[in-house]
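Written below as structure tokens is the structure these notes are about.
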Amino acid sequence: LIEVRLRHYAEAIALAKRLVQTDIGNPSLRFLLGTVYQDSGDADNAIKPYREIVAQRTDFPYAYNNLAALLVERGDAKAAVPYAQNAAAALPKDPRVIDTLGWALFRAGDTAAAVTTLTQAVALSPNDAEEHYRLAAAQHASGNAGGARQNLQKALALSTTFRDAPSAKALLAKLDEGEN
Numbered sequence: 012l013i014e015v016r017l018r019h020y021a022e023a024i025a026l027a028k029r030l031v032q033t034d035i036g037n038p039s040l041r042f043l044l045g046t047v048y049q050d051s052g053d054a055d056n057a058i059k060p061y062r063e064i065v066a067q068r069t070d071f072p073y074a075y076n077n078l079a080a081l082l083v084e085r086g087d088a089k090a091a092v093p094y095a096q097n098a099a100a101a102l103p104k105d106p107r108v109i110d111t112l113g114w115a116l117f118r119a120g121d122t123a124a125a126v127t128t129l130t131q132a133v134a135l136s137p138n139d140a141e142e143h144y145r146l147a148a149a150q151h152a153s154g155n156a157g158g159a160r161q162n163l164q165k166a167l168a169l170s171t172t173f174r175d176a177p178s179a180k181a182l183l184a185k186l187d188e189g190e191n
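All you need for the numbering used here is the position in the sequence shown, starting with 1, plus 11.
Next comes the structure, spelled out in structure tokens:
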């Protein structure tokens with residue numbers, strides 16, 4: 012939708028709602044509505060259409076992935092993991108999906124599985140700063156300061172403006188000061 016690219020979210024949401032009403036059972040239109048809400052920063056309203064899709068369909072992995080990502084953002088990583096696992100099973104070569112699973116595992120406290128999964132995500136998308144940061148966070152939590160430092164440096168070399176760049180800079184400073 013051109014409205015989303017122009018950041019006219021109110022118009023985009025209104026249009027997506029109208030489209031859903033024209034074909035109430037169409038999961039693609041519900042996914043569009045969820046995506047527009049998610050892009051606008053409205054996680055609460057984005058979750059609803061994703062939940063509706065996953066309640067009816069097991070073959071819509073991006074809905075599972077987006078729902079998992081939103082649940083992690085809201086602090087419910089344990090609930091996110093099964094959704095992320097479903098998406099990753101369907102899309103094992105999609106770095107964004109694998110990243111979501113790894114981040115959900117990390118936030119749920121399964122650091123070892125998170126490091127393994129986030130390493131896969133970085134291998135699939137080696138030029139993604141966010142994925143390097145997330146791997147670094149998991150490596151740091153697992154006691155691998157050297158790996159964490161290397162991935163933080165790579166993340167910040169790729170971009171200084173990605174969403175978690177301030178956290179990456181803070182963690183790198185902490186490591187440079189000798190703190191683990």
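In this text, a Cβ means the ideal position worked out from N, Cα and C, and glycines have one as well.
Grab me the residues of residue i's own chain with a C-beta within less than 6 Å of its C-beta, minus the 5 sequence neighbours each way, in chain order.
i	result
Ser51	Tyr20
Gln67	none
Tyr75	Val65, Tyr94, Asn97 and Ala98
Arg160	Leu186
Val108	Asn76, Ala98, Ala99 and Leu102
Leu129	Gly113, Arg145, Leu146 and Ala149
I think residue i touches residue j, with their Cβ atoms under 8 Å apart; what is that distance to the nearest whole Å?
i	j	result
Gln24	Tyr61	Note that residue 24 is Ile in the sequence shown here, rather than Gln. Their Cβ separation, rounded to whole angstroms, is 15 Å, which puts Ile24 and Tyr61 out of contact at 8 Å.
Ala91	Leu82	4 Å
Ala119	Ala79	So it is not a contact: roughly 11 Å between Cβ atoms.
Is it buried or exposed for residue i, if we count other Cβ within 10 angstroms and need 16 for buried?
i	result
Thr46	buried
Ile58	buried
Lys104	exposed
Val70	According to the sequence shown, residue 70 is Asp rather than Val. Answer is exposed; the Cβ neighbour count stays below 16.
Quick check: residue i and residue j, are their CB atoms within less than 8 Å of each other?
i	j	result
Leu183	Leu169	no
Glu141	Asp175	yes
Arg41	Glu63	yes
Ala132	Asp110	yes
Note down the Cα distance separating residue i from residue j, rounded to an integer number of angstroms.
i	j	result
Pro72	Ala99	8 Å
Arg85	Asp53	11 Å
Arg145	Ser153	12 Å
Ala27	Asp55	16 Å
Which residues in the same chain as residue i place their Cβ atom closer than 7 Å to its Cβ, once the five residues preceding and following it in sequence are excluded?
i	result
Gly158	Gln150
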